[in-house]
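Peer 1:
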Amino acid sequence: QFPPGDEAYHTYDEVQQEMDAAANDHPEIAAKSVVGTSFEGKDIPMMKISNNVAQDEDQPEVLFNCNIHAREHLTTEMCMRIIQRFTDNYPDDPTVKEMVDTREIWVIPVSNPDGSIYDYESGEYQGWRKNRQDQGTDLNRNFGYKWGCCGGSSGDPASETYRGEEAFSAPETQVLRDFAESRVINGEQQLKGFIDFHTFSELVLWPFGHTEDDVTDGMTQEERDRFERVGTAMADTNGYTPQQSSDLYVTDGDSLDYMWGEQRILSFTFEMYPSSGGIDGFYPPGDVIAEETARNDAAVDIMLREAGAGA
Ligand code: 0X9
Ligand code: CA
Ligand code: ZN
87 QFPPGDEAYH TYDEVQQEMD AAANDHPEIA AKSVVGTSFE GKDIPMMKIS NNVAQDEDQP
147 EVLFNCNIHA REHLTTEMCM RIIQRFTDNY PDDPTVKEMV DTREIWVIPV SNPDGSIYDY
207 ESGEYQGWRK NRQDQGTDLN RNFGYKWGCC GGSSGDPASE TYRGEEAFSA PETQVLRDFA
267 ESRVINGEQQ LKGFIDFHTF SELVLWPFGH TEDDVTDGMT QEERDRFERV GTAMADTNGY
327 TPQQSSDLYV TDGDSLDYMW GEQRILSFTF EMYPSSGGID GFYPPGDVIA EETARNDAAV
387 DIMLREAGAG A
């Protein structure tokens, strides 16, 4: 249970139950699976939403990832909203119907279950960011594209941005890597879009994070312009600020740099509500969930549409 006032947030068990219910209620279009296990051995559940969901059809795929940072609980609600919207509103909502019929949508509501549960389970928030491996690894510094390259992470296990012993030393980043790799079929990456939801600051961020250069190894001017165009289009719908991720600060080993740099997936990090704050910014009251997740509906639709546009 979340602390008083925040009961509207889904616990890990409630996430599992609601995913089970959605899959049971919509078996043609929703299938739940376990994408992998955490350091402590907890299941990391995943939902696939698509027509003919049991088949691996040749349709553009998009991955929505949430709660890689433990205390960013509003992001789990974002993924639950995506699951609810693309199942309950099918086939009545025409955009939902089009996307479910022409895309394969993957949703991971809690990619860091150990850290997430630790953060809320005592009834008092712990302000926890990392996973629960030893002193904790910052999963968003542990991905293996230019890992630890550029002063955007720490080698100190006590640090909030500890990058881990080596690239992909955390089971939870291995899970995301292995899933992305599993979607390469006949040499083609099926995932055409990726959003990693975080809180907070109300930003739409695109790669790269490891360098302040706009154009670099792995990012042509044309590619950069596409990121800016799509990122700005999404930000126009939610009122967030669009920018290259390193404009915020330089990071190395984050999910975005891997998903674009290594997998060539059109990838964005969203920093959700609120726009500013201290530690309390991670813990908005439960009554903002509906508004602050619905706020990203149109951006999610843009991502899904763009995934079908080709590179
Ligand atoms: O630092 C992070 O991992 C993300 N921000 S958060 O406050 N949610 O921890 C931002 C990652 C995006 N990449 C860069 N800013 N380079
Ligand atoms: Ca399908
Ligand atoms: Zn985060």
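According to mature numbering (1 follows the signal peptide of the UniProt record, and there is no 0), the sequence shown is numbered sequentially starting from 87. Just so it is clear, CB atoms sit at the ideal spot from N, CA and C, and this is done for glycine as well.
#1: Helix, strand or coil for Ile351? Go by DSSP, reduced to three states.
#2: Take Gly213 and list the residues in its own chain whose beta-carbon comes closer than 8 Å to its own, dropping the five residues that flank it on each side.
#3: Closest by CA to Asp311, which one among Thr297, Ala384, Thr323 and Gln329?
#4: Pick out every residue whose C-beta is nearer than 6 Å to a heavy atom of ligand 2: which are they, in chain order?
#5: If you run the structure through DSSP and keep just helix, strand and coil, what is His155?
#6: Sorry if obvious, but does the Cβ on His284 come closer than 7 Å to a heavy atom of ligand 1?
#7: Once you ignore the five residues that flank Asp338 on each side, which residues in its own chain have a CB closer than 8 Å to its CB?
#8: What residues match up with Ala116 in a beta bridge as DSSP calls it?
#9: Give the secondary structure of Gln276 by DSSP, where H, G and I count as helix, E and B as strand, and everything else as coil.
#10: Express the C-alpha separation of Asp333 and Pro293 in angstroms, rounding to a whole number.
#11: Would you mind stating whether Val193 and Ile154 have Cβ atoms separated by less than 8 Å?
#12: Measuring CA to CA, which of Ala244, Ser255, Glu251 and Thr355 is closest to Val290?
#13: How big is the Cα-Cα spacing for Leu352 and Gln87?
#14: So, do the segment 379–394 and the segment 99–109 have three or more beta carbon pairs nearer to each other than 8 Å?
#15: Name the DSSP beta bridge partners of Ser240, please?
#16: To the nearest angstrom, how far is the alpha carbon of Thr318 from that of Gly325?
#17: Around the C-beta of Gly273, are 16 or more other C-beta atoms found within 10 angstroms, so that it is buried, or is it exposed?
#18: Give the straight-line distance between the Cα atoms of His112 and Asn138, rounded to the nearest whole angstrom.
#19: For Gln260, does the three-state DSSP call read helix, strand or coil?
#20: Can you pull the DSSP bridge partners for Leu289?
#21: Would you mind working out which of Glu392, Glu357 and Leu149 sits nearest Ser331, comparing C-alpha positions?
Peer 2: This is what the structure gives:
#1: coil
#2: For Gly213, where only same-chain residues beyond five positions count, the Cβ hits under 8 Å are Arg157, Asp205, Ile365 and Phe368.
#3: Gln329
#4: By the rule of a C-beta closer than 6 Å to any heavy atom of ligand 2, the residues picked out are Ser136, Asn137, Asn138, Glu143, Gln145 and Glu190.
#5: coil
#6: yes
#7: Arg227, Lys232, Trp233, Gly234, Cys235, Cys236, Gly237, Gly238, Ser239, Arg249, Gly295 and His296
#8: In the DSSP secondary-structure assignment, Ala116 is bridged to Ile135.
#9: coil
#10: 10 Å
#11: no
#12: Thr355
#13: So the alpha carbons of these two residues sit roughly 36 Å apart.
#14: no
#15: Tyr248
#16: 10 Å
#17: exposed
#18: 11 Å
#19: Note: Gln260 maps to helix in three-state DSSP.
#20: Thr327 and Glu357
#21: Glu357
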